[in-house]
Amino acid sequence: MARLQRWRIARRIIQLGFLGATNLYLAGWVRGAIYTGSSKMFPIPGLHCYSCPSSVLSCPVGSIQSIVSSPGFLGGLSSGRADALALIGLLGLVLLPAFVAGRIACAYVCPFGLIQDLMYRIPAPRLRVPASWRAGKYVMLVLFVLLLPMVLRPVPLAGGDPWFCKVVCPAGTSLAGWPLALHDGGETLQLGWLFGWKSAVAALVLAWFVFSKRPFCRVLCPLGALWGAAGKASLVRMRVSEDCIDCGLCRDVCPVDIQINLEPASAECIRCGECIRACPVDAISHRPAWRKDHEEG
Amino acid sequence: MTKRALLPMVLIAAAAAAALAGYLLGDPWVIWRKAASVCLECIGVG
Amino acid sequence: MKKGSGRRLRDWFWIPIVLAFLVPVVLVVAPGHRETASSSGEAGPLLEGRGALDSLLQASSGRRLLVNLWATWCTPCIGELPHLSQVRDSLYPSVEVVAVSVGDPDVEAVRRFHDEAGLSLPMVWLDAAAARRLTDEWEVADVLPVTIAFGPGGREESRVAGARSLEFFMAMAAGGDADSLPAGEDGDGGDHGVLHVNVVGPPDSPETTALLEEAMRLAGDEGVDLYDPRDPADSAAMDSLMLPRMDVPYAQPCVGAACGRPSTTPSMLAETAAGLLAGS
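Chains A, B and C supply the protein sequences, listed in that same order.
Just so you know, we're using our numbering here: the first sequence kicks off at 51 and counts up by one.
Just so you know, we're using our numbering here: the second sequence kicks off at 56 and counts up by one.
Just so you know, we're using our numbering here: the third sequence kicks off at 343 and counts up by one.
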């Protein structure tokens with residue numbers, strides 16, 4: 051287990067490193083303002099609100115919504131609109147790590163993943179999330195990130211709304227909404243029922259982190275859905291050899307509660323590699339697709 | 056190189072090409088524009 | 343893998359969780375259907391650049407002014423613009439409302455929206471650099487929409503971020519400040535505040551200067567606006583104020599919504615203004 055501990059510490063250091071590197075504008079927290087540099091045209095590989103005061107990159111989920119909800123976006127692709135082309139660029143960047151190794155950014159880069167990893171360390175009763183709930187995030191992606199922002203246009207001549215940001219995202223509420231609202235003190239921001247709703251959602255989801263393994267990643271995260279689906283065709287996948295003794299240790303250490311021995315190609319796997327280090331018989335490994343080995347699942 | 060690596064390789068190349076083409080030919084400032092002004096929707100205000 | 347009983351029900355429980363997020367969507371969208379983009383009357387002008395904005399602001403001295411910062415891609419902004427236009431429709435000329443696009447890199451998008459929406463309030467487009475300068479000067483955070491109310495003296499009275507209702511903007515335009523309201527009845531004579539004079543002419547001509555001096559004597563510095571018909575921004579502002587175009591410089595005195603005849607000499611101006619004040 052010392053091997054696993056060392057690996058976990060290394061992963062934590064990488065996660066914290068990315069957290070620091072993508073949140074260089076610390077002055078934002080003092081000023082109650084956000085960073086406006088040109089680096090914000092690039093997405094962070096993770097769920098991190100671009101309105102978080104210190105964030106120097108943009109949120110991929112927010113950016114996708116903002117483009118597909120822009121006025122007259124429908125049909126924009128066919129006419130070669132500049133923003134539609136930018137969406138293709140954005141999707142290319144976002145999908146790149148997923149085609150290499152699925153949800154790997156969830157394990158090493160995503161700040162919201164780190165928060166969940168850390169909060170699950172708090173001693174508490176454990177709640178297992180049913181595997182069927184994983185479907186929720188695909189609905190989030192299709193409905194709240196793509197369909198509703200694209201189709202719902204209640205205000206004439208205007209674009210749609212980023213519905214995932216607006217009614218769901220607890221990362222936005224906790225890392226942008228709360229600090230900015232606190233800083234403003236209700237002076238210029240009109241905090242209405244929507245703020246109440248989002249705060250309640252964020253509070254519930256944050257509380258859930260203590261009891262379940264990465265529940266947001268598994269049930270609600272649209273980015274996880276996108277990466278998970280793309281990861282089905284990723285270059286580097288997981289491999290479990292016949293040496294497996296079905297001890298279940300891999301599931302115990304897995305941050306997303308996968309039984310890797312039963313579903314080595316799971317779309318949920320965040321490629322953190324903890325099961326590799328936990329396995330008492332070294333049956334689990336990364337399997338780069340270019341390497342010839344036993345033809346196996 | 057195995058046959059199994061072909062699809063991921065093609066996808067990686069396609070994603071990289073899309074990223075390059077999109078950022079060079081498109082208008083990536085639309086991404087910046089939203090990201091560089093406080094997203095009132097994200098806060099639950101807008 | 344095998345689990346005990348009760349597994350079935352729990353397995354479906356993610357569906358109500360996800361569907362619950364549709365509740366606020368419905369609540370947000372349902373009242374939104376009432377919005378209409380176009381308002382009554384003619385479309386206001388679309389001006390470009392900081393110079394145009396400044397002259398609009400200048401032209402508004404003496405009345406309360408709401409400046410709204412918006413962008414075509416900002417949905418809540420587009421949603422509230424009709425309200426602001428309505429405020430202007432019902433309160434102009436005692437209140438001016440200006441919509442300044444500070445987030446559109448390309449004027450084309452603004453022009454398209456302007457033409458389609460046909461809102462009566464004047465719009466100004468600023469390019470990225472000018473917009474940045476303005477938001478720095480006014481210490482506006484990077485938020486849209488923002489609406490700032492300036493008093494008749496040009497002092498900022500209040501500012502808000504986020505979309506607001508018509509009622510809110512009406513209250514904001516009222517400002518709780520009585521002397522911004524048009525003196526509909528007897529303004530107890532001699533009060534400069536009730537008289538407003540628009541002087542139209544090239545600023546370098548002696549006729550204009552003479553009119554300007556007399557106007558300031560009558561209405562005070564705050565109560566006088568100068569328009570140069572050669573300046574495109576001024577010219578557009580004249581259109582929106584419905585100031586006539588004449589071959590010679592003139593001054594038009596107004597009390598509240600009532601305006602006297604355009605006067606071409608200082609004495610004629612004084613006479614017209616006196617008649618206006620006596621008659622009101």
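For every residue, glycine included, the Cβ atom is placed at its ideal position computed from N, Cα and C.
For residue i, three-class secondary structure by DSSP
i, result
"C/M465", "strand"
"B/L61", "helix"
"A/P180", "coil"
"C/L486", "coil"
"A/M288", "strand"
"C/S381", "Because the pLDDT at C/S381 is just 41, under 50, the model does not fix this residue reliably, and the value given afterwards should be weighed accordingly. Three-state DSSP puts C/S381 in coil, outside helix and strand."
"C/W412", "strand"
"C/D521", "With a pLDDT of only 33 at C/D521, under 50, the local geometry of the prediction cannot be trusted, and no value is derived from it."
"A/H336", "strand"
"B/C94", "coil"
"A/R131", "coil"
"A/Y188", "helix"
"C/C596", "strand"
"A/A283", "coil"
"C/R350", "helix"
"C/L388", "strand"
"C/A491", "strand"
"A/L124", "coil"
"C/S397", "helix"
"A/L299", "helix"
"A/P93", "strand"
"C/M407", "The question names Met, but residue 407 of chain C in the sequence shown is Leu. Three-state DSSP puts C/L407 in a strand."
"A/S108", "strand"
"A/S119", "coil"
"C/S402", "coil"
"A/Y158", "helix"
"A/S316", "coil"
Residues near residue i by beta carbon distance below 6 Å, same chain, minus five either side
i, result
"A/G252", "Reading off the sequence shown, one finds Ala at residue 252 of chain A, where the question assumed Gly. Within the same chain, A/A252 has close Cβ partners P220, T223, S224."
"C/A593", "V539, V541, L553, A557, S605, L611"
"C/C596", "H538"
"A/V286", "A151, H336, P338"
7 Å Cβ shell around residue i - same chain, five flanking residues per side excluded
i, result
"A/K263", "Y170, P305, V306, D307"
"A/T72", "I94, H98, S105, V106, L107"
"A/S120", "D133, G209"
"A/S116", "P212"
Range covered by the alpha helix (DSSP H) that runs through residue i
i, result
"A/L66", "52-71"
"C/D567", "No alpha helix (DSSP H) holds C/D567; the beta strand (DSSP E) holding it covers 566-569."
"A/L97", "Premise fails: A/L97 is in no alpha helix (DSSP H) and is neither H nor E."
"C/E705", "Only positions 343 to 622 of chain C appear in the structure, and residue 705 of chain C is not among them; the question remains open."
"A/M200", "198-201"
"A/Q166", "161-169"
"C/T477", "470-479"
"B/G99", "From DSSP, B/G99 is part of no alpha helix (DSSP H); its letter is neither H nor E."
"C/G449", "It is Val, not Gly, that sits at residue 449 of chain C in the sequence shown. Residues 449-459."
"A/K85", "The residue asked about is misnamed: residue 85 of chain A is Tyr in this sequence, not Lys. From DSSP, A/Y85 is part of no alpha helix (DSSP H); its letter is neither H nor E."
"A/R327", "324-328"
"C/P604", "Element bounds for C/P604: n/a, residue is neither H nor E."
Unbroken beta strand (DSSP E) run spanning residue i, endpoints
i, result
"C/E498", "498-503"
"C/L537", "537-542"
"C/V439", "437-443"
"A/L270", "Here A/L270 belongs to no beta strand (DSSP E), and DSSP marks it neither H nor E."
"C/L554", "Counting along the chain, C/L554 falls outside any beta strand (DSSP E), though it belongs to the alpha helix (DSSP H) covering 548-561."
"C/E509", "Unbroken run through C/E509 is the alpha helix (DSSP H), 508-516; no beta strand (DSSP E)."
Within-9 Å CB hit, residue i to chain E
i, result
"A/P204", "Among the chains of the structure shown, chain E does not appear; the protein chains present are A, B and C."
Chain-order list of residues whose beta-carbon lies under 8 Å from that of residue i (same chain, five-residue window excluded)
i, result
"C/V466", "L388, L389, E390, G391, A394, L395, L398, V440, A441, V442, S443"
"A/V260", "M169, Y170, I172, A174"
"A/S182", "none"
"C/P487", "N410, L411, W412, C416, P418, C419, E422, A503, G504, A505"
Check: residue i C-beta below 8 Å from any heavy atom of the ligand ADP
i, result
"A/A280", "The ligand ADP is not among the ligands present in this structure, which contains no ligands whatsoever."
Answer yes if the stretch 181-192 of chain A comes into contact with the stretch 95-104 of chain A, meaning at least three C-beta pairs across the two stretches below 8 Å, and no otherwise. Contact between the stretch 95-104 of chain A and the stretch 181-192 of chain A is absent, because fewer than three Cβ pairs lie under 8 Å.
Count the CB pairs spanning the stretch 198-215 of chain A and the stretch 88-99 of chain B that are closer than 8 Å, and state whether there are at least three. Contact holds between the stretch 198-215 of chain A and the stretch 88-99 of chain B, because three or more Cβ pairs, one in each stretch, are under 8 Å apart.
Is there contact between the stretch 327-336 of chain A and the stretch 281-297 of chain A, where contact requires at least three CB pairs shorter than 8 Å? Of all C-beta pairs linking the stretch 327-336 of chain A to the stretch 281-297 of chain A, three or more are shorter than 8 Å, placing the two stretches in contact.
Do three or more CB pairs link the stretch 274-283 of chain A to the stretch 145-156 of chain A at distances below 8 Å? Segments in contact, yes.
Indicate whether the contact test is met: 3 or more Cβ pairs, each with one atom in the stretch 59-79 of chain B and one in the stretch 445-454 of chain C, closer than 8 Å. No, they do not touch.
Touching by the beta-carbon criterion (3+ pairs, under 8 Å), the stretch 348-366 of chain C and the stretch 472-486 of chain C: The answer is no - the stretch 472-486 of chain C does not touch the stretch 348-366 of chain C, with fewer than three Cβ pairs under 8 Å.
Given 8 Å as the limit, is there contact between the stretch 497-504 of chain C and the stretch 424-435 of chain C, that is, 3 or more CB pairs closer than that? Between the stretch 497-504 of chain C and the stretch 424-435 of chain C, the count of C-beta pairs closer than 8 Å stays below three; the two stretches do not touch.
Threshold first: 4 residues or longer. Then list the alpha helix (DSSP H) segments lying entirely within the stretch 203-258 of chain A, N to C. Entirely contained in the stretch 203-258 of chain A, the alpha helix (DSSP H) runs reaching 4 residues are, in chain order, 228-234.
Is there contact here, the stretch 67-77 of chain B with the stretch 82-90 of chain A, by at least three beta-carbon pairs under 8 Å? The count of Cβ pairs closer than 8 Å, one atom from the stretch 67-77 of chain B and one from the stretch 82-90 of chain A, stays below three, leaving the stretches out of contact.
Using 8 Å as the cut-off, can you tell me whether the stretch 189-200 of chain A makes contact with the stretch 360-375 of chain C, which would need three or more C-beta pairs spanning the two stretches below that distance? Result yes; three or more Cβ-Cβ pairs closer than 8 Å.
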